[in-house]
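Working notes, beginning with the structure itself.
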Amino acid sequence: MSDSIKHECGVAMLRLLKPLEYYLKKYGTAFYGINKMYLLMQKQHNRGQDGAGLASININSKPGQRYISRYRSNSAKPIQDVFEHVNARFLELKENNPKKLNDIAWLKQNKAFIGELYLGHLRYGTYGGNSIENCHPFLRQSNWRTRNLVLAGNFNMTNSDELFNHLLELGQHPKEKSDTVTILEKIGHFLDEENDRIYYDYKGKIPKQKISTKISDEMDLQQVLLNSSKHWDGGYLMCGIVGHGDMFALRDPAAIRPGFYYHDDEVVVITSERPVIQTAFNVSCEKIKEIERGHALIVKKDGTIEQKAVVKQLQRKSCSFERIYFSRGNDKDIYFERKSLGRKLCPIVLRKLNYDIKNTVFSFIPNTAEVSFYGMIEGIENYLIKESLKQINNPKKKLDEIICLKPRVEKIAIKDAKLRTFITQDESRDDLVAHIYDVTYGIVKTEDTLVMIDDSIVRGTTLRQSILRILDRLGPKKIIIVSSAPQIRYPDCYGIDMAKMGDFIAFQAAISLHKENNNDHLITSVYNKCKAQLLLPKNKMINCVKEIYKPFTADQISQKISELLTPKNINAKIEIIYQSIEDLHDSCPHHNGDWYFTGDYPTPGGNKVVNQSFVNYIEGNNSRAY
């Protein structure tokens, strides 16, 4: 999208099911697990820019030996930094004692990150700073292997304050209020209880030293997660490893956040995206499964793999914005869905052009809109074929004109990734902002309409400050910006940094229309209703902000958005059009999580967040609503 937003984190988890000697013999390297983790994380780089982390566990280490390794980075290139740190010790060994690189027993005893279990995380921060303390995986330590917990996830909880209070009720004294810390400590608490349960079952019956083995064998991770997640409200793929070698991946009950897994007799692998598994392990997509909503994929120390129900399932509301923008896009289903989104826009684009294809140039703005662009062009071409067949017997039409007419497709906008707006003076900085994008000159004629497809329009600031200004220099009579997503009207609270109502250009447009129509009393009424809602239990709340949009059609709001985003002193007429909700659902039939566009939140906490966000806007409180 033309506006930059921070979005979903990414996770990658790997369990090697064979002894490490097996991978050395078959694949020629003792670092099979590390190499695969690098691929899994690098191929999900779109999900993390603020930081990265990697943890590993060596299952069969002896007491006194290190068995948990972890390194996190918040550098400019965090994945590279993490794996340079991991590999540095092995590069030194290669230079000084290369034979040791194939000595599995020695490596496991003497070198970090040689183990059977790995958990990697890519952070795209939505809360908190970009400090190393905010990078996953998080670690809860103990001298008991079965009480150690490594945790990472792709998640946001709408009720962090509630979860924090639950910890206080348990008698804890948490060091932070963040959802990550509260989740870690909540799971840790019930992990401790599970340890205590098994310990006291065997106390006095067998030697204490052997009880640890019993705890490892009998630990009920399903029950631990069931107790821990009772009050969670949010979207999540929560991944964890217990120190003795059990691991889990728990998905939210509405399937908001994605989670995929694959296993054979060599590995179990879990990731945020499906294609990364296909790439890293060269397997077909049919062999890769989704973790069921509300279920945990649990892999025991002995390699047993089970998917178990943990949280009562809600209606499936997997995120449709995931399909439009968040994913890398090389998933076969997402690819065709994005093309469909583009095709669905053809009828309205053609109407806005008055069907004048000859004098229209088609292009796209960010790379994430490219596939939707292909779909739109296919739709235009199909229209031209149908029109040609209608006109082929028309004696007034020249045959070559009919056959040769095709959409003019050009590369128009180019983002200058190296340009930095470092000057603080407003006028100077605004001038630099206006030149973030560059254009291809000499293609567009003065009688042309320029159609540019964007994947979505959230705030519209980049359009107004940069893109439209630079496109106008080409001299078109009209510029049409086409969004493959519907109007973004409501905040997200499940992992995306879109929590402030006043940021959305669609919301600004609706407020402007109300003010133009002297409807300030309606705005005040909605504010009072939202305030009243916040006094209710969250499961009783409704989304009162919908009333802000109710008096207006989508076209009316789009027209107002066009006005608000039109820069001063440009010559071209500006029009902005959006995908319809109906066509979104047709394009992504199995992913109907559309709360960004409709306000229909999949969990009760969503209604609490949207009401709070509106209250914050009216009261001038520039903070997120959860």
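For the sequence shown, the positions run 5 to 630 when our numbering is used.
Ideal Cβ positions, reconstructed from N, Cα and C, are used throughout, including at glycine.
By the beta-carbon neighbour count (other beta carbons within 10 angstroms, threshold 16), P102 is exposed. Contact between the region 598 to 607 and the region 475 to 494 is established, with three or more Cβ pairs separated by less than 8 Å. Comparing alpha carbon positions, the residue from I471, L393, R297 closest to I260 is R297. Looking at the DSSP output, V315 shares a beta bridge with no other residue. Apart from the 5 residues on each side of it in sequence, R278 sits with its Cβ closer than 7 Å to the Cβ of F264, C289, I292, D335 in its chain, given in chain order. For G238, the pairing in a beta bridge is given by DSSP as M161.
Apart from sequence neighbours up to five positions away, the residues of its chain that approach A300 with a beta-carbon distance below 6 Å are L229, F252, L254, K312, V314, ordered along the chain. The C-alpha of I63 is placed about 57 Å away from the C-alpha of V413.
With contacts defined by Cβ atoms closer than 9 Å, L241 and I187 do not form a contacting pair. Ranked by Cα distance from A56, the first of A373, P257, C139, H589 is C139.
Per DSSP, the beta-bridge partners of K482 are T453, K577. In this structure, D256 is the residue among R628, D256, R342 with its C-alpha nearest to the C-alpha of K316. If only uninterrupted alpha helix (DSSP H) runs of at least 4 residues are considered, those enclosed by the region 181 to 240 are 183 to 206, 212 to 222, 225 to 232. Per DSSP, reduced to three states, the secondary structure at M17 is strand. When Cβ pairs closer than 8 Å are counted between the two stretches, the region 552 to 562 is seen to touch the region 572 to 587, the count reaching three or more. Residue environment analysis places S591 among the buried positions, since at least 16 neighbouring C-beta atoms fall within 10 angstroms of its C-beta. In this structure, Q537 sits away from K449, with a CB-CB distance that is not shorter than 9 Å.
The shortest CA-to-CA distance from I108 to any of I210, K577, F330, F35 is the one to F35.
For the pair R463 and D360, the Cα-to-Cα distance works out to about 30 Å. For the pair V15 and T275, the CB atoms are nearer than the 9 Å cut-off.
DSSP lists no bridge partner for E414. Among the bridge pairs identified by DSSP, K419 is matched with Y441. When the alpha-carbon of F117 is set against those of V86, E99, E567, K98, the nearest one is in V86. The C-alpha of I418 lies about 23 Å from the C-alpha of E451. Burial state of T364 is buried, judged by a 10 Å Cβ sphere holding 16 or more other Cβ atoms. When DSSP states are grouped into helix, strand and coil, T557 belongs to the coil group. For the set I485, Y621, D598, N91, the Cα lying nearest the Cα of A576 is the one of I485. Counting along the chain, the unbroken beta strand (DSSP E) around I302 starts and ends at 299 to 303. Listed as beta-bridge partners of A253 by DSSP are C243, L301. Look at I552 here: in three-state DSSP terms it is helix. Fewer than three Cβ pairs drawn from the region 206 to 213 and the region 152 to 168 lie within less than 8 Å of each other, which leaves the two stretches out of contact. Counting only runs that start and end inside the region 106 to 132, the alpha helix (DSSP H) elements of at least 4 residues fall at 108 to 114.
Of K30, K29, Y26, I61, the smallest CA-CA separation from R19 is found for I61. Non-local beta-carbon contacts of C534 in its own chain, meaning distances under 6 Å to residues more than five positions away in sequence, involve C548, N615, F618, V619 in chain order. With fewer than three CB-CB distances shorter than 8 Å, the region 279 to 288 does not count as touching the region 22 to 30. Only buried fits I302, as 16 or more other CB atoms lie within 10 angstroms of its CB.
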